[in-house]
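K.L.:
Have a look at this one before I ask anything.
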Amino acid sequence: MRARRSLTAALLAAFLVAAVALAVPAIGRPPAAKQAAHHPDRSLHAVIRRTPHGIPNIEARSYAGLGYGYGYAFAQDNLCVMADDYVTVNGQRAQYFGPGGTYAQRGNGVDTNNLDSDFFWRQIGDSKKIEQLLARKAPNGPKQEVRDGVRGYVAGWNRYLHDVGGSKGVPDKSCRGRAWVRPITEKVAYRRLYQLVLLASGDVAIPGIAQAKPPTPPLDGILGPKKLSNQQTAEGLARKLPLKTIGSNAVAIGRKGSRDHKHGVLLGNPHFPWKGTERFYQAHLTIPGKLDVSGVSLFGVPIVLIGHTKSMAWSHTVSTAFRFTPYQLTLVPGSPTSYVYDTKTLKMTSRKVTVLSKESGTLKPMTRTLYSSRFGAIFNSLVGTPLPWTPTTAFALRDVNADNFRIFNHFLDTNRAQSAPQELRILKKYQGIPWVNTIVSDRAGHALYADIGAVPNVSNAKAQACNTAVGTATFRLLGLPVLDGSRSSCNWDNDSDAAAPGIFGPKHLPALYRSDYVTNSNDSYWLSNPHQPLTGFARIIGDEATPRSLRTRIGLIMTQARVDGSDHRGKAGFTRQDMQNMVFSDRQYAGELTRNALVGMCKSFAGSAPTSSGPPQATGNACDVLAHWDLHENVGSRGAILFRRFWTHASAATPSPFSDPFSASDAVHTPHTLNTNDPMVRTALGDAIADLRGANIPLDATVGSVQRVTRRGRRIPIHGGTADPNGQFNAIYAPFRAGKGFSEPEDGSSFVQAVTWHNSHCPDARTILTYSQSTNPSSPFFSDQASLFSRKQWVPDRFCRADVLRVTKSTTTLRQGSRTRVTHPRRRPHH
252 MRARRSLTAA LLAAFLVAAV ALAVPAIGRP PAAKQAAHHP DRSLHAVIRR TPHGIPNIEA
312 RSYAGLGYGY GYAFAQDNLC VMADDYVTVN GQRAQYFGPG GTYAQRGNGV DTNNLDSDFF
372 WRQIGDSKKI EQLLARKAPN GPKQEVRDGV RGYVAGWNRY LHDVGGSKGV PDKSCRGRAW
432 VRPITEKVAY RRLYQLVLLA SGDVAIPGIA QAKPPTPPLD GILGPKKLSN QQTAEGLARK
492 LPLKTIGSNA VAIGRKGSRD HKHGVLLGNP HFPWKGTERF YQAHLTIPGK LDVSGVSLFG
552 VPIVLIGHTK SMAWSHTVST AFRFTPYQLT LVPGSPTSYV YDTKTLKMTS RKVTVLSKES
612 GTLKPMTRTL YSSRFGAIFN SLVGTPLPWT PTTAFALRDV NADNFRIFNH FLDTNRAQSA
672 PQELRILKKY QGIPWVNTIV SDRAGHALYA DIGAVPNVSN AKAQACNTAV GTATFRLLGL
732 PVLDGSRSSC NWDNDSDAAA PGIFGPKHLP ALYRSDYVTN SNDSYWLSNP HQPLTGFARI
792 IGDEATPRSL RTRIGLIMTQ ARVDGSDHRG KAGFTRQDMQ NMVFSDRQYA GELTRNALVG
852 MCKSFAGSAP TSSGPPQATG NACDVLAHWD LHENVGSRGA ILFRRFWTHA SAATPSPFSD
912 PFSASDAVHT PHTLNTNDPM VRTALGDAIA DLRGANIPLD ATVGSVQRVT RRGRRIPIHG
972 GTADPNGQFN AIYAPFRAGK GFSEPEDGSS FVQAVTWHNS HCPDARTILT YSQSTNPSSP
1032 FFSDQASLFS RKQWVPDRFC RADVLRVTKS TTTLRQGSRT RVTHPRRRPH H
């Protein structure tokens, strides 16, 4: 009997492995791969012209052809990094990389265990969520042009992989020959798009959703997570929300703020990760007579997300608006999977999810049950902060982006738009923007700021009436309500002008037109232009009449000074070059506000600075280093690194290191004046000195000597510095490790564009992709732009066809059913 049971168990396990292998869609073969070889799709035809620094200018006659060329070019440059993410969204990380590993979605700062990630993404596959969204008609489902573009992208990716002979021929050694490098399907491509839609909502709760399970009294009270107080929960969430791992600056200048008083000027300066799939990829996409757009996309997105058309330029900054709300469920006594809703008792829905996990060289089926409510998935933690599932309470995540595929139609139309007024109409039509503000300038001199997108319709009154005890604390501290799930009256409201149920309509969302300028640097909408503050909006969107970050303040100061000429840098008004000079000026605003007082405090220590813990530190030459610092963070600036460590300690240790308080009537210039009487400010200098000495960094070290990236064994110094809380406009985040020093930059200024127009029909633009186009170390486009960025140099934007043809380095012609053809100027074509 025992042998029979063992045989039965073995057969069952084998069956499960086979069943899961079939149930989990392979990254593998497109269903029509063989058929395409015999019946080529004539729409899959593109020409890729590579201009300096590897920027692909892709021309096609159809959206499918455009996607085809984009997919091929992108795979040439970044196949390994993207293929790794396709493993993620397929729910196969534990299968290929083991269950114990983790990965970072650098766009939201959440580190996720492979197994947790697999259960989350596998349940999305099992639920047919993507298929349901694709079944919708436009505008809620993708337009045909979007569908064609994705179809072409998949075919282009697969074509490249075929051309190099499969995974064994991939040039990048980091994934060459790996089993997980395979052709993809359209379903996989859409899952990646969905991953980005959920970046600031569902994705931040992946571990909590995957690990949530009903309590098992009495063990739960002994072994379960320790319950935090409401204030502790709020403080834990506030450390990471709204998103703090990514940010941006954007400035739109109108005709009254430009030098010629005719045209607009735009700065786009997103601060995004330098590693992983939330990097940008630059391309120029053209369908003659239909579409002509240049800019960047996040990896795996075959459409421009930040860039310019012939007459309009736009950028995005991360919004303060929350895109989800937790609902606190009141559970039925004795039944932790049942909850009260008005007078009814509702059962949670459950789904058993099975994934494969690599265990000691073999694949083992792993199963969990994931739970959901009428509001959304049950979760037990959010960005690492516990919200435990107890015998009386559970939490559900209602995600405004869970059904949001409107975003792709938005960007399709934006890629064809030619003016700020047209872009505002697009924003209002789709309300698809999932987590960013939009800033626009155009040839006619309009300047637009808008936070019009998908935002839960929770008014301040509703939050007050429906917040639970923990919600009262989170709403007060960071604007996130936690609503009572036991009352239907606490459901999100509906606006008559909203593009979807449960979101605010455009009349309840902030937008501002100006003829001088609008800006945003990740604070709320309130001071997009200090001459016309935006007020009266719901707290869930952002705060009003509160202190702005030093980065917001220096951006507003520099912008206003150039508009009115008070910076004494030439005639009033912006030119493109003025915008380039501003973004890479590398002014350190915290230093400007406090350096003189800091030097006085340093000298008062008479050679020995106190520390927050440990013995005092000899000041050595610290006072002189700070006194002679140029108040910038150029690669050669001395004193910036010492000040950076001082300000990090001072800002973290005290609610405000300033003595003069914030005033809403002068928010751009307050608070100010270093509070040298604050004991925490006084010990911050000693701590900074100890930090640098502990890492063997001289107190007068230049920025470029400690902040750099290594490319092919060569160290490239990087200018810029910590944006928040330091007030550095050109954000570069290089983490400091105690005893080791500064790590290489992990995120910050990424794709920077300065765009304007003259009487010429071509836009006048300069760009820099700070980390370069390719993640493949053997590519010529792996570090070339990083070197330019180090020297504050820019790449001329080639937009008009004649300019593109004049600088083309190579041309690749793709046609399904024909061999790939690559030609070079003044060289004979070869196959």
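So this note's numbering is basically just the index in the sequence shown, starting at one, shifted up by 251. Using N, Cα and C, we set each Cβ at its ideal position, and we do this for glycine too.
Quick one: using the 10 Å Cβ neighbour count with 16 as the cut-off for buried, is residue 767 buried or exposed?
P.N.:
Label assigned to residue 767: buried.
K.L.:
Hey, how far is the Cα of residue 264 from the Cα of residue 551?
P.N.:
Interpretation of residue 264 is limited by its pLDDT of 47, a score under 50 that renders its predicted location unreliable; no figure is taken from the coordinates.
K.L.:
What whole-angstrom Cβ distance do residue 703 and residue 749 have, given they're in contact under 8 Å?
P.N.:
With a Cβ gap of about 11 Å, residue 703 and residue 749 do not count as contacting.
K.L.:
Rounded to a whole number of angstroms, what is the C-alpha to C-alpha distance between residue 705 and residue 995?
P.N.:
Distance between the alpha carbons of residue 705 and residue 995 is about 35 Å.
K.L.:
Output the distance between the C-alpha atoms of residue 726 and residue 578, rounded to the nearest integer angstrom.
P.N.:
Distance between the alpha carbons of residue 726 and residue 578 is about 13 Å.
K.L.:
Thinking just about the alpha-carbon of each residue, which of 410, 375 and 378 is nearest to the one in residue 322?
P.N.:
The shortest Cα separation from residue 322 among 410, 375 and 378 belongs to 410.
K.L.:
Below 8 Å on the Cβ atoms is my guess for residue 1086 versus residue 810; work out the distance and round it to an integer in Å.
P.N.:
Since the first residue of the chain shown is 252 and the last is 1082, residue 1086 is not available in this structure.
K.L.:
Tell me whether residue 1070 is buried or exposed, calling it buried when 16 or more other Cβ atoms sit within 10 Å of its Cβ.
P.N.:
Under this definition residue 1070 is an exposed residue.
K.L.:
So the candidates are 896, 893, 968 and 930; which of them puts its Cα closest to the Cα of residue 909?
P.N.:
Of 896, 893, 968 and 930, the residue nearest in Cα terms is 930.
K.L.:
Looking at C-beta atoms only, is the number of pairs between the region 381-389 and the region 291-302 that lie closer than 8 Å three or more?
P.N.:
Taking 8 Å as the limit for Cβ pairs, the verdict is that the region 291-302 does not touch the region 381-389.
K.L.:
State yes or no: is the C-beta of residue 807 within less than 8 Å of the C-beta of residue 691?
P.N.:
Not in contact: residue 807 and residue 691 (Cβ atoms no closer than 8 Å).
K.L.:
Can you name the start and end residues of the beta strand (DSSP E) that residue 565 belongs to?
P.N.:
Taken as a continuous stretch (DSSP letters only), the beta strand (DSSP E) holding residue 565 covers 563-569.
K.L.:
In terms of residue numbering, what span does the beta strand (DSSP E) encompassing residue 762 cover?
P.N.:
762-765 is the span of the beta strand (DSSP E), which, as asked, contains residue 762.
K.L.:
Which stretch, first to last residue, makes up the alpha helix (DSSP H) that contains residue 1004?
P.N.:
Looking at the DSSP string, residue 1004 is not in any alpha helix (DSSP H); the run it does join, the beta strand (DSSP E), is 1002-1007.
K.L.:
Taking just the CA atoms, how far does residue 364 sit from residue 346?
P.N.:
Each residue's alpha carbon lies about 13 Å from the other.
K.L.:
In the DSSP assignment, what are the bridge partners of residue 648?
P.N.:
DSSP, once it has assigned bridges, lists 577 and 628 as partnering residue 648.
K.L.:
Is DSSP giving residue 1032 helix, strand or coil here?
P.N.:
Coil, per DSSP.
K.L.:
Would you call the CB atoms of residue 340 and residue 443 closer than 8 Å?
P.N.:
Contact: yes.
K.L.:
Would you kindly work out how many angstroms separate the C-alpha atoms of residue 905 and residue 932, rounded to a whole number?
P.N.:
Whole-angstrom Cα-Cα distance: 8 Å.
K.L.:
Helix, strand or coil for residue 517 per DSSP?
P.N.:
Three-state DSSP puts residue 517 in a strand.
K.L.:
Give me, in chain order, the residues of the same chain whose beta-carbon lies closer than 7 Å to that of residue 353; leave out the 5 immediate sequence neighbours on both sides.
P.N.:
Within the same chain, residue 353 has close Cβ partners 362, 363, 364 and 365.
K.L.:
Can you check whether the CB of residue 515 is closer than 8 Å to the CB of residue 218?
P.N.:
This structure leaves residue 218 out entirely; the chain is present only between 252 and 1082.
K.L.:
Run the CB neighbour count on residue 903, radius 10 Å, all protein chains shown included, and call it buried at 16 or more, exposed below.
P.N.:
Result: exposed.
K.L.:
Quick check on residue 613 - is its C-beta less than 8 Å from some C-beta in chain D?
P.N.:
Annotation note: the requested chain D is absent from the structure, which comprises a single protein chain.
K.L.:
Out of 620, 326 and 972, state which residue places its alpha-carbon closest to the alpha-carbon of residue 604.
P.N.:
For the residues 620, 326 and 972, the minimum Cα distance to residue 604 belongs to 620.
K.L.:
Beta-carbon within less than 6 Å of residue 336's beta-carbon, same chain only, minus the 5 sequence neighbours each way: which residues are those?
P.N.:
The answer, listed in chain order, is 528.
K.L.:
How long is the line joining the alpha carbons of residue 1066 and residue 624, rounded to whole angstroms?
P.N.:
Each residue's alpha carbon lies about 48 Å from the other.
K.L.:
Output the distance between the C-alpha atoms of residue 775 and residue 586, rounded to the nearest integer angstrom.
P.N.:
Approximately 42 Å between the Cα atoms of the pair.
K.L.:
Quick one: is residue 533 buried, meaning 16 or more other Cβ sit within 10 Å of its Cβ, or exposed?
P.N.:
It is buried - the Cβ of residue 533 has at least 16 other Cβ atoms within 10 Å.
K.L.:
Rounded to a whole number of angstroms, what is the C-alpha to C-alpha distance between residue 488 and residue 647?
P.N.:
The straight-line gap from Cα to Cα measures roughly 16 Å.
K.L.:
Specify, as a first and last residue, the run of the beta strand (DSSP E) that residue 590 falls within.
P.N.:
Looking at the DSSP string, the run of the beta strand (DSSP E) that includes residue 590 is 586-592.
K.L.:
According to DSSP, is residue 928 helix, strand or coil?
P.N.:
It is coil, neither helix nor strand.
K.L.:
Check the C-beta distance from residue 802 over to residue 913 and give it rounded, since I have them as a contact under 8 Å.
P.N.:
Not a contact, Cβ separation roughly 16 Å.
K.L.:
From the DSSP output, which residues share a beta bridge with residue 607?
P.N.:
In the DSSP output, where bridge partners are listed per residue, residue 607 has 616.
K.L.:
Specify whether the region 385-404 and the region 656-663 touch according to this definition: at least 3 beta carbon pairs, one from each stretch, less than 8 Å apart.
P.N.:
With the cut-off at 8 Å, the region 385-404 and the region 656-663 touch.
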